[in-house]
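Residue 51 is where the sequence shown starts when you use the working numbering, and the numbers rise one by one after that. Everything on this sheet refers to the single structure shown next.
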Amino acid sequence: MQMYFDTMQKHEDIHASVDYMTRSHLRNVMQLAIFHTSNRQLYAINISKIQSFVIKEEVEMLQSPTKNPYVIGMVNLRGEVISVVDFDLWIGESADMDEKRIIIICNYNQKKIGILVRDILKIEEKQSTELTVPGNKDPKISYVTMVDTESGKRSCIIFDAEKLLFDTHLGTDIGKTTIYDIDTYEMHEKISSNKKVLIAEDSQIVIEKLHQFFTKTDLDYEIYDNGEVLIERIRELGPEPIGLIVTDIEMPVRNGYQVIKFLKSEKEFASIPVLSLTSMTNQGVLDKVRQLGAIDLINKSDLDKLFNYLKTILHKERNL
51 MQMYFDTMQK
61 HEDIHASVDY
71 MTRSHLRNVM
81 QLAIFHTSNR
91 QLYAINISKI
101 QSFVIKEEVE
111 MLQSPTKNPY
121 VIGMVNLRGE
131 VISVVDFDLW
141 IGESADMDEK
151 RIIIICNYNQ
161 KKIGILVRDI
171 LKIEEKQSTE
181 LTVPGNKDPK
191 ISYVTMVDTE
201 SGKRSCIIFD
211 AEKLLFDTHL
221 GTDIGKTTIY
231 DIDTYEMHEK
241 ISSNKKVLIA
251 EDSQIVIEKL
261 HQFFTKTDLD
271 YEIYDNGEVL
281 IERIRELGPE
291 PIGLIVTDIE
301 MPVRNGYQVI
311 KFLKSEKEFA
321 SIPVLSLTSM
331 TNQGVLDKVR
341 QLGAIDLINK
351 SDLDKLFNYL
361 KTILHKERNL
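Structural data, given as C-alpha cells:
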C-alpha cells in the first residue's frame, strides 16, 4: 500500500493539509487519520486533535527525563520541546524503532504531545453513526469503524486519547489539578442546587474521573456515554429539573455538536445552559460550540473553570 505521505514533500505541505482538514467541525463529521501498527493493525485519531506530522528521521530524538515506559524521548520543534509516546508500546506491540516513521504532533487540552507510529495510510471521513462502541469495554478503545483499504474493508480502532494521556502521565500539569489527577483536587466548598447536571462523555477513564469530581461537589448528576442516550434522558425528564448540560464533542451515535444543536433548536429545551467539555481545544471547535449556542468550551485539564461555571450557573438557576 502506498503511504499517505509519499506525495508530500515538505512539512509545510503536511501542516497545511492538517489545517484544512481540521475544519471538518463545520460539517459535523469526524475526519480520521488512519495509521497502522507494527503488527499491521489499523488505528485512527481525530484530525481535529492533530497539529502536524513529523518524519522521525528529520528530527533529533532527545532523551526524556521521565521514567514512564511509554514515553521514549522528546523532540525540539521550533524551540518547543514535546514528549513522544511510542504507540506500539502503549498497546503492547513491537518496540522496534526502525519500523516507525511518523510522529503525530497532537494538541490535547492545550498541551502538545508526539505519538510515534509506523506510518499514515490515509484520511477518511466518518459520521458519528458509523462509529461502534465495542462490547469488550477495553479502556484503550473508544470505538471501532470500517475503513476502505486496497485489500477491502477492514476494522479500524479509534483509540481513547484520554486513556493514553492518563497512562503516560502527560495529561497532568505542574501546579494545576487536571481531570487525570482528580484525587488531589481540593474543593473548598460544595455547590447547593436542586437541579440535575446531565453529562455526556464516552471515555471510560474520564467517566471514572468525572464521577469522582461531581461526587465532591454534592450535586445531583447523571453521566451517559453518548449523545443519543443523553437526549433520550432529557426528553424523559423535561426541562424543569435540569440545571445544566455538560457534553463532550467526540462521541458515537450523536456527537456533542449534534447535542447542542438539538437543545437549541427545540423550544422546550433551548433555555437549558450547555457547556462543552473536551480535549479538542482549537479555535475552530470553540467558535463552533459557541455558534451553536453553548456557553463555553472547557478543556479537560481546567477543573477550576468547570467548577466555577457549575457554581455560577447553578446558583443563578437556584435564584430564578
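Backbone N, C-alpha and C fix where the C-beta goes; we use that ideal spot for every residue, glycine too.
For residue i, the three-state DSSP class (helix, strand or coil)
{"i": "asparagine 349", "result": "strand"}
{"i": "lysine 355", "result": "helix"}
{"i": "phenylalanine 319", "result": "coil"}
{"i": "isoleucine 299", "result": "coil"}
{"i": "leucine 181", "result": "coil"}
{"i": "isoleucine 241", "result": "coil"}
{"i": "leucine 76", "result": "Note that leucine 76 scores 46 on pLDDT, short of 50, meaning its location in the model is unreliable; the coordinates nonetheless yield the value given after this. Here leucine 76 sits in helix by DSSP."}
{"i": "tyrosine 307", "result": "helix"}
{"i": "leucine 220", "result": "coil"}
{"i": "glutamate 272", "result": "strand"}
{"i": "aspartate 188", "result": "coil"}
Terminal residues of the beta strand (DSSP E) in which residue i lies
{"i": "phenylalanine 264", "result": "Element bounds for phenylalanine 264: not the beta strand (DSSP E) but the alpha helix (DSSP H), 254-267."}
{"i": "glutamine 113", "result": "Here glutamine 113 belongs to no beta strand (DSSP E), and DSSP marks it neither H nor E."}
{"i": "aspartate 198", "result": "191-199"}
{"i": "serine 102", "result": "100-105"}
Sheet register partners of residue i (DSSP bridge)
{"i": "threonine 328", "result": "Asn349"}
{"i": "isoleucine 95", "result": "Ala83"}
{"i": "lysine 361", "result": "Lysine 361 is not bridged to any residue."}
{"i": "alanine 344", "result": "DSSP, once it has assigned bridges, lists no residue as partnering alanine 344."}
{"i": "lysine 246", "result": "Asp270 and Ile292"}
N- and C-terminal bounds of the alpha helix (DSSP H) containing residue i
{"i": "arginine 204", "result": "Note, arginine 204: premise wrong, no alpha helix (DSSP H); beta strand (DSSP E) at 202-209."}
{"i": "isoleucine 232", "result": "Taken as a continuous stretch (DSSP letters only), isoleucine 232 belongs to no alpha helix (DSSP H), as it is neither H nor E."}
{"i": "arginine 90", "result": "It is not in any alpha helix (DSSP H) - arginine 90 carries neither H nor E in the DSSP assignment."}
{"i": "glutamate 251", "result": "Taken as a continuous stretch (DSSP letters only), glutamate 251 belongs to no alpha helix (DSSP H), as it is neither H nor E."}
Extract the residue ranges of the alpha helix (DSSP H) inside the stretch 119-175, only unbroken runs of 4 or more that lie entirely within it.
137-141
Do the stretch 321-329 and the stretch 188-208 meet, that is, are 3 or more Cβ pairs less than 8 Å apart?
no
Taking three-plus beta-carbon pairs below 8 Å as touching, is the stretch 290-297 in contact with the stretch 208-222?
no
Decide if the stretch 299-310 is in contact with the stretch 331-351; the criterion is three or more beta carbon pairs, one per stretch, under 8 Å apart.
yes
Touch check for the stretch 345-354 and the stretch 117-126: three-plus C-beta pairs under 8 Å?
no
The stretch 143-161 contacting the stretch 176-193, beta-carbon criterion three pairs below 8 Å
Contact fails between the stretch 143-161 and the stretch 176-193, because fewer than three Cβ pairs, one in each stretch, are under 8 Å apart.
Should the stretch 106-117 be called in touch with the stretch 128-140, which here means at least 3 C-beta pairs below 8 Å?
Contact holds: three or more Cβ-Cβ distances are below 8 Å.
Would you say the stretch 163-180 touches the stretch 243-254, given that touching needs at least three Cβ pairs under 8 Å?
no
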